[in-house]
Amino acid sequence: MTTCLAISKSNNYATIQVCFTPGQNCTEEITDVIDAAKKSIFVQAYSFTSAPIAAHLVAAKKRGVIVNVILDKSQTTQKYSASRFLVNQHIPCWIDYKPAIAHNKIMIVDEKEVLTGSFNFTKAAQNKNAENLLIINDPTLAHLYLKNWERRRSVSRYLNPQNSWISEYS
């Protein structure tokens with residue numbers, strides 16, 4: 001039996017923000033965090049169709065932030081998927097094709113902040129659905145999420161912008 005990872009803190013407290021839709025602008029909260037990134041953004045997304053979030057990731061890359069994305073295999077064929085846009089903007093993307101669905105919706109920013117929750121990076125999540133987003137500033141938690149991101153990337157396929165749309169990562 002596997003166990004969950006535990007985080008124990010004595011004097012250091014994580015700061016946590018929460019956002020809910022309908023009623024609050026989770027997309028804006030996400031783009032604000034992206035805009036504040038200084039070093040790196042690692043993304044895992046089940047569904048990614050949000051033009052504003054994609055555009056802010058591209059802007060972050062252009063200002064020197066490392067941006068890497070892992071997507072569910074549905075994103076290679078989903079209408080309005082941001083996958084082609086991101087790849088065409090030279091953001092490295094991988095497809096996590098092994099599980100039935102890669103249902104994560106996370107960002108790890110500057111190895112200290114984690115965005116997670118039910119909120120897909122989509123217009124529907126913002127405008128139609130009842131969703132939640134947590135923004136957690138905790139380097140220990142971010143480290144655990146980054147290790148999981150790296151494990152998922154290691155079994156994912158690199159999205160190739162050339163003729164062979166999906167190729168093995170090497």
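If you read the sequence shown in the UniProt record's numbering, its first letter stands for residue 1, the second for the next number, and so on.
Just so you know, even glycine gets a beta-carbon here, dropped at the ideal spot from N, CA and C.
VAL33 to ARG153 span [Cα, whole Å] = 23 Å
Got a sec, what are the start and stop residues for the alpha helix (DSSP H) ILE30 sits in?
-> 26-36
Inter-residue Cα distance where the pair is CYS19 and LEU134 | 7 Å
Specify whether the segment 70-77 and the segment 136-146 touch according to this definition: at least 3 beta carbon pairs, one from each stretch, less than 8 Å apart.
-> no
Fully enclosed by the segment 75-104, which beta strand (DSSP E) runs are 3 residues long or longer?
-> 93-96
Closest by C-alpha distance to ILE106, when choosing among PRO161, LYS147 and VAL58 = LYS147
Using a Cβ-Cβ cut-off of 6 Å (strictly less than) and excluding sequence neighbours within five positions of ASN104, which residues of its own chain qualify?
-> GLN44
At a cut of 8 Å, does the segment 118-136 reach the segment 85-92 through at least three beta carbon pairs?
-> Short answer: they don't touch.
In chain order, what residues of the same chain lie with their CB nearer than 6 Å to the CB of ILE136, ignoring the 5 residues before and after it?
-> ALA14, ILE16 and VAL114
Verify whether the separation of the beta carbon atoms of VAL155 and ALA37 is less than 8 Å.
-> no
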